[in-house]
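Visitor: Under full-length UniProt numbering, the first residue of the sequence shown carries the number 1, and numbering increases by one thereafter.
Glycine included, each C-beta is placed from N, C-alpha and C at the ideal position.
One structure is given below, represented as structure tokens, and several questions about it will come after.
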Amino acid sequence: MPLTVCIIDQQPCYSGSETIRGRITFQTPKPVDIQDIRVTFSGCAKAKVQKVKGSAAPTTSYRSKCMLFEKGKILWHPSGDTIAPGTYEWPFEFAFPSQVLSASSRWPEALPFRSDANHPLPPTFAVKTADALRKIKCTIDYQIQAQVFSPQRGFLGRKSPLFSEVVRLRFIPGSARLDVKREGSSAAYQQQKEQVFNLRSMLLLPENRGRSLKLQERIQSWFSSSQLPRFIFKATFIYPSRVIQSTPLPCILEITPFMEDSSVTSPPEILLQSLSVAVLSQTGARAAPSLMGALSGQVDERIEILSKSSLGMPVSGTVDLAQAFGPLVFRHTDVSFGTFNISRTYRLSASFVFECAGSTRSLDLPGLPFDIFADFEAPSNIPSSVEHLSEDDSPPSYTSASMLSTGTLDKS
1 MPLTVCIIDQ
11 QPCYSGSETI
21 RGRITFQTPK
31 PVDIQDIRVT
41 FSGCAKAKVQ
51 KVKGSAAPTT
61 SYRSKCMLFE
71 KGKILWHPSG
81 DTIAPGTYEW
91 PFEFAFPSQV
101 LSASSRWPEA
111 LPFRSDANHP
121 LPPTFAVKTA
131 DALRKIKCTI
141 DYQIQAQVFS
151 PQRGFLGRKS
161 PLFSEVVRLR
171 FIPGSARLDV
181 KREGSSAAYQ
191 QQKEQVFNLR
201 SMLLLPENRG
211 RSLKLQERIQ
221 SWFSSSQLPR
231 FIFKATFIYP
241 SRVIQSTPLP
251 CILEITPFME
261 DSSVTSPPEI
271 LLQSLSVAVL
281 SQTGARAAPS
291 LMGALSGQVD
301 ERIEILSKSS
311 LGMPVSGTVD
321 LAQAFGPLVF
331 RHTDVSFGTF
341 NISRTYRLSA
351 SFVFECAGST
361 RSLDLPGLPF
371 DIFADFEAPS
381 NIPSSVEHLS
391 EDDSPPSYTS
401 ASMLSTGTLD
411 KS
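Okay, structure coming up:
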């Protein structure tokens, strides 16, 4: 290549505030007219939101491009002179920012996106995803680009560079890296959801346990339910609000009997018949208002973590799901973030079905938000599915992930 970009001691992943040094080399075997030679360091977030219609109808695409920052330098300015054959070299130096250096009033404040000035830079990101309503393509790219421009001939002369070379840099912000040792144990990030169940049944009596009610007894129970024995218990699901990429989810189920409020002398057996734990990752994208209007959309991907049925498993006290069923690990995925036109968020979905005294009760928790962080101590080993997507790239394949399309589609 006549033009090369060399970064000295290039890091496998940057987190902000680093100094990036390198050199630009230009080789020409013959005399050439040069206007100038430039180097640009930039971050850009691009999104395409496409409405999905019938196969016979054309689709409409809404695009957005947001420059997160841009720093440029003119390394040489011959101003159209002819330079002799040879090898030319220039050093360069940039500071990697940790916040966006531009803001635009055209991006309204709307969760899960961010429009506040100087918010943290989003991580390197690339994804294609779709559901029945929309197709979404997103890229967040950080690059150093060298360009050689020839003199412009005439008013409609060539404006594209004569030569161009790009080096892309992987970035995960420091704000998206979790230092567990510094911030405390994982217990500090635990959240919980609970539900109280009130059971009334003749089967709660010691002499009736283990048998089925006769028809006459069922009819009697329907007409005199307030006189039946009562048992109250609480089911609590404890889950993390912060998770490090590719590490198991620490999830706990707690069963607490309320004997003081129950009319039975001893707690009956509670069986866990089925359970399901899944992660919903949501990719959001939006296009700014244009002649065609504005468009936003979110696509969910459901990643099954644990699914068991017909268990008949007695549960009481504290049940660590990892100890009972193995580590709850899901595929390598991206950290949580939001910026002007792209976002990635996560929710936990959990469901439990209990059986007690011939009755079933369900604990359904469909949308528990949590954040995914990168490992603070091992930035070079941070897993990522990020690859630069061209217009013709196909979506990345997701193993062990079943798809659930929900989300919304808004147009103004």
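Going by other Cβ atoms of all chains shown within 10 Å of its Cβ, with 16 needed for buried, is Ile244 buried or exposed?
Guide: buried
Visitor: Would Thr339 be called buried (16 or more neighbouring beta carbons within 10 Å of its own) or exposed?
Guide: So Thr339 counts as buried.
Visitor: First and last residue of the beta strand (DSSP E) that includes Gln99?
Guide: Careful: Gln99 lies outside any beta strand (DSSP E) and carries neither H nor E.
Visitor: Quick check on Ala374: does DSSP put it in helix, strand or coil?
Guide: strand
Visitor: Given a threshold of 16 other Cβ atoms within 10 Å of its Cβ, counted over all protein chains shown, does Asp131 qualify as buried or as exposed?
Guide: buried
Visitor: Taking 8 Å as the cut-off, decide whether the C-beta atoms of Pro120 and Pro161 are in contact.
Guide: no
Visitor: Could you name the residues of the same chain whose beta carbon sits closer than 6 Å to that of Asp371, not counting the 5 residues immediately before and after it, in chain order?
Guide: Arg242 and Ser336
Visitor: Mind checking which residues open and close the beta strand (DSSP E) that includes Phe145?
Guide: It should be noted that the sequence gives Gln, not Phe, for residue 145. Note, Gln145: beta strand (DSSP E), Arg134 to Phe149.
Visitor: Would you tell me roughly how many angstroms separate the C-alpha atoms of Glu355 and Ile342, rounded to the nearest one?
Guide: Straight-line spacing of the CA atoms in Glu355 and Ile342 works out to 44 Å.
Visitor: Rounded to whole angstroms, what's the CA-CA distance from Gln273 to Gln191? Just pull it up for me.
Guide: 24 Å
Visitor: Is it right to say Ser310 is buried, meaning 16 or more other beta carbons lie within 10 angstroms of its own, or is it exposed?
Guide: exposed
Visitor: Mark residue 416 as exposed unless 16 or more other C-beta atoms lie within 10 angstroms of its C-beta, in which case mark it buried.
Guide: Shown here, the chain extends from 1 to 412; a query on residue 416 therefore has no answer.
Visitor: Determine, using beta-carbon pairs with one atom in the region 39–49 and one in the region 123–141, whether at least three such pairs fall under 8 Å.
Guide: With contact defined as three or more Cβ pairs closer than 8 Å, the region 39–49 and the region 123–141 are in contact.
Visitor: How many whole angstroms separate the CB atoms of Glu165 and Val319, which I take to be in contact at a CB cut-off of 8 Å?
Guide: With 8 Å as the limit, Glu165 and Val319 do not qualify as a contact, their Cβ atoms being about 57 Å apart.
Visitor: Straight-line CA distance for Arg114 to Lys30?
Guide: Taking the Cα positions, Arg114 is about 50 Å away from Lys30.
Visitor: On a Cα-Cα basis, can you pick out the residue from Gly317, Phe325, Arg286 and Ser316 that is closest to Leu111?
Guide: Arg286
Visitor: Within 10 angstroms of its Cβ, does Asp9 collect 16 or more other Cβ (buried), or is it exposed?
Guide: exposed
Visitor: Within 10 angstroms of the Cβ of Ser17, are there 16 or more other Cβ atoms? Answer buried if so, exposed if not.
Guide: exposed
Visitor: Hey, Cys44 and Lys71 are a contact pair by Cβ (cut 8 Å); roughly how many whole angstroms apart?
Guide: Wrong, their Cβ atoms sit about 13 Å apart, outside the cutoff.
Visitor: Assign Ser402 to one of two classes, buried (16 or more other C-beta atoms within 10 Å of its C-beta) or exposed (fewer than that).
Guide: Because the pLDDT at Ser402 is just 30, under 50, the model does not fix this residue reliably, and the point stays unresolved.
Visitor: Just to check my reading of the structure: Ile238 and Ile252 have Cβ atoms closer than 8 Å, yes? What is that Cβ distance to the nearest angstrom?
Guide: 4 Å
Visitor: By alpha-carbon positions, which one of Gln143, Asp36 and Trp76 ends up nearest to Ile7?
Guide: Gln143
Visitor: Is it the case that the Cβ atoms of Glu93 and Ile24 are separated by a distance below 8 Å?
Guide: no
Visitor: Taking the CB atoms as reference points, tell me whether Ala322 and Ile303 lie closer together than 8 Å.
Guide: Taking 8 Å as the Cβ cut-off, Ala322 and Ile303 do not qualify as a contacting pair.
Visitor: Pull up the DSSP beta-bridge partners for Gln195, would you.
Guide: Ala235
Visitor: Which residues in the same chain have their Cβ closer than 7 Å to the Cβ of Thr19, if we skip the five residues on either side of it in sequence?
Guide: Glu93 and Ala95
Visitor: Report yes if the C-beta distance between Val148 and Phe26 is below 8 Å; otherwise report no.
Guide: With contacts defined by Cβ atoms closer than 8 Å, Val148 and Phe26 form a contacting pair.
Visitor: With DSSP as the reference, identify every bridge partner of Asp36, one or two as the case may be.
Guide: BP columns for Asp36 point to Phe149.
Visitor: Around the C-beta of Ser201, are 16 or more other C-beta atoms found within 10 angstroms, so that it is buried, or is it exposed?
Guide: buried
Visitor: Going along the chain, which residues of its own chain have a beta-carbon closer than 8 Å to the beta-carbon of Leu271, five neighbours each way excluded?
Guide: Leu311, Gly312, Met313, Pro314, Val315, Phe354, Glu355 and Cys356
Visitor: Is it right to say Gly367 is buried, meaning 16 or more other beta carbons lie within 10 angstroms of its own, or is it exposed?
Guide: By the Cβ neighbour-count rule, Gly367 is exposed, with fewer than 16 other Cβ atoms within 10 Å of its own.
Visitor: Put Ser175 into one of helix, strand or coil per three-state DSSP.
Guide: helix
Visitor: Once the 5 residues before and after residue 421 are set aside, which same chain residues still bring their CB inside 6 Å of it?
Guide: The chain is shown only over 1 to 412; residue 421 falls outside these bounds and no answer can be derived.
Visitor: Within 10 angstroms of the Cβ of Ile305, are there 16 or more other Cβ atoms? Answer buried if so, exposed if not.
Guide: buried
Visitor: So who's on the other strand from Trp76, going by DSSP bridges?
Guide: Ile37
Visitor: Extract the residue ranges of the beta strand (DSSP E) inside the region 336–377, only unbroken runs of 3 or more that lie entirely within it.
Guide: 342–356 and 359–375
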